[in-house]
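Each residue of the sequence shown is one higher than the one before, starting from 5 at the first, in this note's numbering.
Where a beta carbon is used, it is the ideal one built from N, C-alpha and C, also for glycine.
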Amino acid sequence: MAMSQNYNFDEVSYTPRHTTFKLIAPDDVKHVVLSLYTKGDEATDKKPLATKQMKHVGKNLWSVTVRGNLIGRFYTFNIGKGETPGVFAKAVGVNGRRGAVINMKRTDPEGWSSDHILSYASTPNSTSNSTPSSTPNSCLQTPNYTALTVYEMHFRDFSIARNVNLDPKEFFVKRQSTKYPGKFLALTEPWAINYLKNLGVGAVHILPSFDYASVDETKLDKPQYNWGYDPLNYNVPEGSYSTDPYDPATRIREFKEMVAALHKAGIRVILDVVYNHTFDLDKSNFQRTWPNAYYRFTADGKPSNGSGCGNETASDHAVMRQFMLQSVKYWAQEYHIDGFRFDLMGVHDIETMNEIRRELTAVNPNIFIYGEGWSAGQCAYPTEQLAVKANISRLPGIAAFCDDLRDALRGPFSDDHQGAFLAGLAGSEESLKAGITGMTSHPQVDYTKVNYSKEPWATEPTQCINYVSCHDDLCLVDRLKASVPGITTDELIRLDELAQTVVFTSQGVPFMLSGEEMLRDKKGVHNSFNSPDSINELNWNNPLRYPQVLSYYKNLIALRNHHPAFRLGKTQLVQKHLEFLPTADCLVAYRLKDHAGGDAWNDIIVIFNANKAARQVTVPQGTYTVVCKDGQIDEGGLETVSGTQVTVQPQSALILHN
Ligand code: CA
């Protein structure tokens with residue numbers, strides 16, 4: 005592949021007098037045909053208004069200009085492989101089979117010009133009552149991404165059950181129903197914004213929200229569910245999350261309204277991007293415009309399957325690399341996206357990811373980039389050149405999910421019934437310690453004893469996403485039930501809170517699955533990607549059933565937000581200020597000393613006890629204020645203790661300071 009060629013994916017240039025269509029396609033095809041339609045729905049409008057032959061106007065470039073005002077028209081391209089809206093449609097009809105000519109400017113909600121990607125200049129929540137400021141592009145210093153708290157959610161999970169279920173009790177937020185169950189607009193409603201703001205999360209990471217294939221947008225009256233890891237059109241919001249998937253502008257405007265509402269509340273929006281594979285190979289927009297150019301193939305010519313979904317894109321090919329670069333830049337500039345989570349980032353090559361980091365830094369350095377540092381199968385590309393976890397040190401400013409800490413807490417991904425630290429099993433303490441440092445180099449961590457990584461893979465703690473659960477695998481409640489035999493509700497609550505206390509006091513970027521704060525469960529379903537609402541929906545009665553859990557999460561997140569000691573952001577500072585204390589099995593303890601990170605507290609001691617009994621731990625002599633104990637957090641202080649011995653209650657965290 006020619007690496008030097010520049011591809012410009014602007015497929016539609018509209019003016020009221022004429023519209024120019026361009027398509028990147030092979031030089032040697034006989035005909036490239038543009039078809040124009042009155043409707044976006046191929047089922048009810050089969051006959052084109054007009055067809056035009058496109059001209060070969062340059063290397064791999066075809067073009068045609070159509071006179072007249074085409075606003076509201078739909079279009080497809082065809083190189084002889086079947087109709088397609090192209091690879092970079094910015095607006096589409098229902099189900100994304102046809103592109104749409106629209107005026108993008110008219111999709112901007114009121115006040116959009118003053119909406120911006122949020123800055124890290126201030127810590128989350130400290131600006132919650134003021135409008136967040138934009139950051140000048142000249143700011144080149146890497147922001148301290150560990151100031152983020154990421155809340156991973158699916159629109160439908162979050163809002164579908166937010167019905168008018170009037171309970172006289174009010175907790176956390178007034179009970180209000182949603183007008184927009186399962187839609188982008190649900191996140192503009194006061195109940196949702198207030199809930200997220202009160203919880204204190206700094207970012208929502210939304211599951212795939214570009215146009216995906218598996219939900220039929222013409223049948224939204226029947227319940228359908230999918231996570232959305234089946235990309236169709238990468239640069240258009242998904243139609244089923246809009247109030248009118250037939251009108252191309254609606255989904256765009258409503259997506260922007262959602263971003264603006266969250267930004268106003270000081271909450272960032274992170275997009276889950278799935279460039280590693282497409283829903284389908286033969287019928288994909290890539291394959292229909294330039295066969296084989298966007299994908300990797302094995303030596304014997306078969307589609308490589310590093311995604312585990314039947315195909316694997318080729319970020320190392322110039323055309324795919326530039327497609328990804330232009331796509332993320334488009335989302336950042338058009339939709340003000342604050343961060344990107346790369347699905348199976350380990351399928352992409354290091355050079356592409358580094359170029360994405362450079363380009364997005366040029367747009368705005370506050371844009372956070374992270375991904376899954378693995379693939380789901382063997383890629384047709386050398387592993388040493390792929391953006392896998394082990395290579396994160398060669399990807400500055402990019403983070404990866406820390407399965408080391410996750411599995412040290414809950415147990416291995418390979419066996420839902422096998423527990424680890426949370427189950428009271430010894431042997432994961434060193435992996436926990438590594439995770440606490442954000443998988444960075446630390447003199448007191450022996451990486452030979454760490455579960456998956458025999459060396460610190462993160463250069464800086466900003467490169468490590470700490471978590472105990474996400475949309476994949478069992479959610480935390482289900483995993484605890486599966487791996488801790490005979491677990492009681494009391495234990496479930498204790499262990500859930502203990503797990504998240506490890507995550508939210510660790511030096512990496514903390515990340516949680518939406519609903520863990522209300523003890524969500526998925527009735528034991530391990531892979532709920534297309535399960536019904538009854539499995540995936542958040543049960544909004546849970547906060548009323550377990551108010552102490554929600555309250556604990558809120559206080560835990562606030563503790564992190566208020567204390568820079570938990571988010572030092574630099575390996576050097578972690579080495580200087582974080583000191584592990586000697587402990588026994590199923591106990592991990594550390595001290596953040598000397599006003600770490602400029603913290604108001606001098607020394608902070610954090611102890612995790614996964615044993616079923618209370619334990620004594622030796623701490624440096626002193627008088628301490630207890631701020632977290634036995635399922636309660638109060639930054640103002642729960643009690644005072646003195647001496648060199650403290651008691652940690654069973655299956656809980658203890659946090660003290662002096
Ligand atoms: Ca769709």
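Counted within 10 angstroms of its Cβ, other Cβ atoms place residue i as buried (16 or more) or exposed
| i | result |
| --- | --- |
| Arg619 | buried |
| Asp342 | buried |
| Asp225 | exposed |
| Lys393 | buried |
| Glu316 | buried |
| Gln663 | It is not possible to answer for residue 663, since the shown part of the chain is limited to 5 through 662. |
| Asp286 | exposed |
| Gly602 | exposed |
| Ser319 | buried |
| Ile659 | buried |
| Pro89 | buried |
| Pro212 | buried |
| Asn10 | exposed |
| Arg110 | exposed |
| Ser418 | exposed |
Sequence-distant residues of the same chain with beta carbon closer than 6 Å to residue i, five excluded per side
| i | result |
| --- | --- |
| Thr19 | none |
| Phe405 | Glu376 and Ile469 |
| Ile164 | Pro185, Gly186, Asp537 and Glu541 |
Residue i beta carbon near ligand 2 (any heavy atom closer than 7 Å)
| i | result |
| --- | --- |
| Ala569 | By its list of ligands, the structure shown excludes ligand 2, since it contains just ligand 1. |
Closer than 7 Å: residue i CB and nearest ligand 1 heavy atom
| i | result |
| --- | --- |
| Tyr216 | yes |
| Asn99 | yes |
| Gly44 | no |
| Leu236 | yes |
| Val219 | yes |
| Glu355 | no |
| Glu242 | yes |
Beta-carbon proximity of residue i to residue j, cut-off 8 Å
| i | j | result |
| --- | --- | --- |
| Lys437 | Phe344 | no |
| Gly641 | Val631 | yes |
| Leu478 | Val488 | no |
| Phe188 | Met108 | no |
| Val33 | Leu27 | no |
| Tyr149 | Lys260 | no |
| Leu591 | Ile611 | yes |
| Gly350 | Trp378 | yes |
| Asn2 | Phe214 | Residue numbering for the chain in the displayed model covers 5 to 662; residue 2 lies beyond these limits and cannot be assessed. |
| Val205 | Gly100 | no |
| Gln655 | Leu560 | no |
| Val278 | Asp347 | yes |
| Val91 | Phe159 | no |
| Ala29 | Trp294 | yes |
Euclidean distance between Cα positions of residue i and residue j
| i | j | result |
| --- | --- | --- |
| Thr356 | Gly103 | 27 Å |
| Ser132 | Phe515 | Note that Ser132 scores 35 on pLDDT, short of 50, meaning its location in the model is unreliable; the coordinates nonetheless yield the value given after this. About 20 Å. |
| Lys154 | Ala207 | The question names Lys, but residue 154 is Val in the sequence shown. Whole-angstrom Cα-Cα distance: 5 Å. |
| Leu191 | Pro249 | 18 Å |
| Phe283 | Asp234 | 4 Å |
| Ala322 | Phe301 | 15 Å |
| Gly314 | Asp304 | 16 Å |
| Met157 | His209 | 6 Å |
| Asp161 | Trp66 | 43 Å |
| Val105 | Ala384 | 37 Å |
| Lys580 | Ile637 | 27 Å |
| Tyr594 | Asn613 | 12 Å |
| Val621 | Val650 | 5 Å |
| Thr69 | Gly44 | 20 Å |
| Phe290 | Tyr451 | 43 Å |
| Asp494 | Tyr550 | 11 Å |
| Val472 | Asp411 | 7 Å |
| Thr254 | Asn198 | 25 Å |
| Ile396 | Asn64 | 34 Å |
Cβ-based neighbour list, residue i, same chain, cut-off 7 Å, excluding 5 preceding and 5 following
| i | result |
| --- | --- |
| Pro416 | Gln422 |
| Pro147 | Tyr124, Pro369 and Asn370 |
| Asn167 | Ser181 |
| Ser17 | Thr23 and Thr24 |
Cut-off 8 Å between Cβ atoms - residues of its own chain near residue i, not counting five sequence neighbours on either side
| i | result |
| --- | --- |
| Gln625 | Gly647 and Thr648 |
| Leu364 | Val332, Lys333, Ala336, Phe344, Ile371 and Ile373 |
| Gln448 | Lys437, Glu583 and Phe584 |
| Glu359 | Arg325 and Leu329 |
Chain C within 8 Å of residue i, Cβ atoms only
| i | result |
| --- | --- |
| Ser432 | The structure shown has no chain C; it contains just one protein chain. |
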